[in-house]
Amino acid sequence: MKIIETAGDMQVVAEQARLKGKKISFVPTMGYLHEGHLSLVRMARKLGDLLVVSIFVNPSQFAPHEDFETYPRNFQRDFDMVEKEGVDILFTPKPDDIYPEGYQTYVNLEKLPNHLCGISRPAFFRGVATVVTKLFNIVKPHTAVFGKKDYQQFLVIRRMVFDLNMDIDIVGGETIREPDGLAMSSRNAYLTASQRKSGLSLNQALLAAQKAVESGITDASQIIRETKDFIDSHPETQIDYVTICDPETLEEIHVINRPALMALAVKVGSTRLIDNMILNKK
Ligand code: AMP
34 MKIIETAGDM QVVAEQARLK GKKISFVPTM GYLHEGHLSL VRMARKLGDL
84 LVVSIFVNPS QFAPHEDFET YPRNFQRDFD MVEKEGVDIL FTPKPDDIYP
134 EGYQTYVNLE KLPNHLCGIS RPAFFRGVAT VVTKLFNIVK PHTAVFGKKD
184 YQQFLVIRRM VFDLNMDIDI VGGETIREPD GLAMSSRNAY LTASQRKSGL
234 SLNQALLAAQ KAVESGITDA SQIIRETKDF IDSHPETQID YVTICDPETL
284 EEIHVINRPA LMALAVKVGS TRLIDNMILN KK
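When you line the sequence shown up against the working numbering, it's residues 34 to 315, in that order.
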C-alpha cells in the first residue's frame, strides 16, 4: 500500500491511473477506523481497480466548541486495518495543504442542510461539501462510497454531485452496528461503560418505532413523543432531535403512510451520537 501525503502527489498518481484506463474508487474518512469504514472499503474494492482511502480530520466541519482537537486519531492502527483490506493508496493530507493561507472558497447547499444535524451544527455541511469537493478534485474518483449512518451527509453529497455535474457515482453503504445494536462510530471511543448503555437507547428506539409502524400506527408525533420519553429515561442523555421525515427532502412527515426516515441525534455525556432507520409498513 502506498501512502500519499500531499494533494499534488495524489493528483499526479490519480491522473496517471486515469490515463492507463483504471477506474478509481474512493472512501473518504476521518480515520480511527472501525468495521463500518471497512464495509465501505470492501464495497469500493469491487467498484474499481485503484482503491483510495483518505484519512483527514477536516477542520472546516467542526465548530470552535466541538471536538476537532480531541477527535480520536491512531495512524498506525488505521494503516494496518486498510492494508489488510488491500487498499492501494492511503491519502493523508495535512490541514495546511487542503486549506492553505488565504483559503476562501466554500460549497453550500441551499435546502438539505436546513434540517436535522444542520440545525445544531450550522457550519457542518458547508465544511463537508467543501472538503468532499476538494477530495474529489484531488483523488479524481469514478466512484465514491459513503455510509448511510450519516444519512443526511449521504444525501448532501449525492445532491451536490448531481447539481455540480461531478462525473462520480455515489454509492451508499448500510450502517454497521456492534453486536448489541449500537451504530459503530469513531466517537464511541469517548463513551464510558454506563454512557455506552445509554447510547444503546438510540437503536432500541428506532427498532421500537419500526414495530409501532408495523402494528399500524401512522401518527409520527406519537412515535416521536414515545421515543423522546424512552431516550430521556436513560442516564446522561440529552436529545438534540428526533425527526420523522421524507427520505429524499428531509421535510417532516406527519402521517407515516409511505417509507419515512426516522433520524435521531442525542448527546450522551458530552458525546453526540446519531442514528437513523427507514420506517416501513412492510
Ligand atoms: P467518518 O470517518 O466518521 O467521517 O466516516 C467516514 C465514512 O464512514 C462516512 O461515509 C460514514 O458515513 C461512514 N461510516 C461511519 N460509521 C459507519 C457505520 N457504522 N456504518 C457504515 N458506515 C459508516
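Ideal Cβ placement from N, Cα and C applies to all residues, glycine included. Owing to the predicted nature of the structure, the values given are computational and were not obtained by experimental measurement.
ask   = Alpha carbon to alpha carbon, what distance is there between residue 281 and residue 274?
value = Numbered from 1 along the sequence shown, position 241 holds the residue referred to as residue 274. Numbered from 1 along the sequence shown, position 248 holds the residue referred to as residue 281. Their Cα atoms are separated by approximately 18 Å.
ask   = In terms of residue numbering, what span does the alpha helix (DSSP H) encompassing residue 310 cover?
value = Locating residue 310 in the sequence shown gives position 277, counting from the first residue. That residue, residue 310, is in no alpha helix (DSSP H); its beta strand (DSSP E) goes 304-312.
query = Which value, in whole angstroms, describes the spacing of the CA atoms of residue 170 and residue 44?
reply = Along the sequence shown, one-based indexing puts residue 170 at 137. Along the sequence shown, one-based indexing puts residue 44 at 11. Approximately 8 Å, taken between the alpha carbons.
ask   = Would you say residue 151 touches the ligand AMP, meaning its beta carbon is less than 6 Å from a heavy atom?
value = Taking the first residue of the sequence shown as position 1, residue 151 is located at position 118. No, since every heavy atom of the ligand AMP falls outside the 6 Å radius drawn around the Cβ of residue 151.
request  = Would you give the residue range spanned by the beta strand (DSSP E) that residue 295 belongs to?
outcome  = As a position in the sequence shown, residue 295 is number 262, starting the count at 1. Counted as a single uninterrupted DSSP element, the beta strand (DSSP E) harbouring residue 295 occupies residues 293-301.
task = Would you list the one or two residues that DSSP bridges to residue 243?
result = Counting from one through the sequence shown, the residue named residue 243 turns up at place 210. According to DSSP, residue 243 bridges with nothing at all.
request  = Excluding the 5 residues preceding and the 5 following residue 296 in the sequence, name in chain order all residues of the same chain whose CB lies nearer than 6 Å to its CB.
outcome  = Translated into the one-based positions of the sequence shown, residue 296 becomes position 263. Closer than 6 Å at Cβ, skipping near neighbours: 149, 276, 309.
ask   = Which ranges does the alpha helix (DSSP H) cover as unbroken runs of at least 4 residues, wholly within the region 184-215, from first to last along the chain?
value = Note on the region 184-215: whole alpha helix (DSSP H) runs with a minimum of 4 residues are 184-196, in chain order.
query = How far does the alpha helix (DSSP H) with residue 120 in it reach, from first residue to last?
reply = Along the sequence shown, read from residue 1 onward, the residue named residue 120 stands at position 87. Unbroken run through residue 120: none, as it is neither H nor E.
query = According to DSSP, is residue 35 helix, strand or coil?
reply = The residue labelled residue 35 in the question sits at position 2 within the sequence shown. In the structure shown, residue 35 sits in a strand (DSSP, three-state: E or B).
request  = Spatial neighbours of residue 301 within its chain, please: CB distance less than 6 Å, with the 5 preceding and 5 following residues excluded, ordered by chain position.
outcome  = What you label residue 301 is simply residue 268 of the sequence shown in a count that begins at 1. Closer than 6 Å at Cβ, skipping near neighbours: 228, 231, 232, 269, 270.
ask   = If you run the structure through DSSP and keep just helix, strand and coil, what is residue 374?
value = Not covered by the structure: residue 374. The range shown for the chain is 34 to 315.
ask   = Which of helix, strand or coil does DSSP assign to residue 177?
value = Against the sequence shown, residue 177 aligns to sequence position 144. Note: residue 177 maps to strand in three-state DSSP.
Run of the beta strand (DSSP E) containing residue 271, from where it starts to where it stops = Residue numbering aside, residue 271 sits at position 238 when the sequence shown is read from its first letter. Segment 270-278, the beta strand (DSSP E) holding residue 271.
ask   = Nearest to residue 133 by alpha carbon, out of 39, 220, 261?
value = Residue mapping note: residue 133 aligns to position 100 of the sequence shown, counting from 1. Nearest option by C-alpha distance: 39.
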